[in-house]
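Report on the following structure.
Residue numbers (this note's numbering): 2 to 104.
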């Protein structure tokens, strides 16, 4: 039971999520993972912002992320949404540029 308590403690720390976000975004940029982990890093940053806002009582008495599984579900949903949004955003930019091989 002690391990479950420690995992729950770390999942509710915004600092952990922002560190994860920075590591994933920097890894995607430096290693060149072709936008593979960039959306996951963006969603980790959004989860960190939500946890920070919730800890600072910006949502008044509303608790958005109550249990550890709520945090992970929010992370998963934001990851899937950011994958589609970022892929679509970069796909549009590629379509607008002319291909030098077209004659």
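Beta carbons: idealized from backbone N, C-alpha and C, even for Gly.
Checklist entry - Looking at C-beta atoms only, is the number of pairs between the segment 62-74 and the segment 29-40 that lie closer than 8 Å three or more? => result no
Checklist entry - Going along the chain, which residues of its own chain have a beta-carbon closer than 6 Å to the beta-carbon of residue 46, five neighbours each way excluded? => result 22
Checklist entry - Start and end of the alpha helix (DSSP H) containing residue 16? => result 15-28
Checklist entry - Just how far apart, CA to CA, sit residue 30 and residue 67? => result Straight-line Cα distance between these residues: approximately 33 Å.
Item to check | CB-CB length for residue 44 against residue 80, believed under 8 Å | outcome: 4 Å
Next on the checklist: According to DSSP, simplified to helix, strand and coil, what is residue 102?
Outcome noted: coil
Next on the checklist: For a test of the three-state rule: what should DSSP assign to residue 1, helix, strand or coil?
Outcome noted: What is shown of the chain runs 2 to 104, which leaves residue 1 out entirely.
Checklist entry - Per DSSP, what kind of secondary structure is residue 68 in: helix, strand or coil? => result Reduced to three states, the DSSP call for residue 68 is coil.
Checklist entry - By Cβ distance, which residues of its chain are closer than 8 Å to residue 51, with the 5 residues on each side in sequence left out? => result 65, 66 and 75
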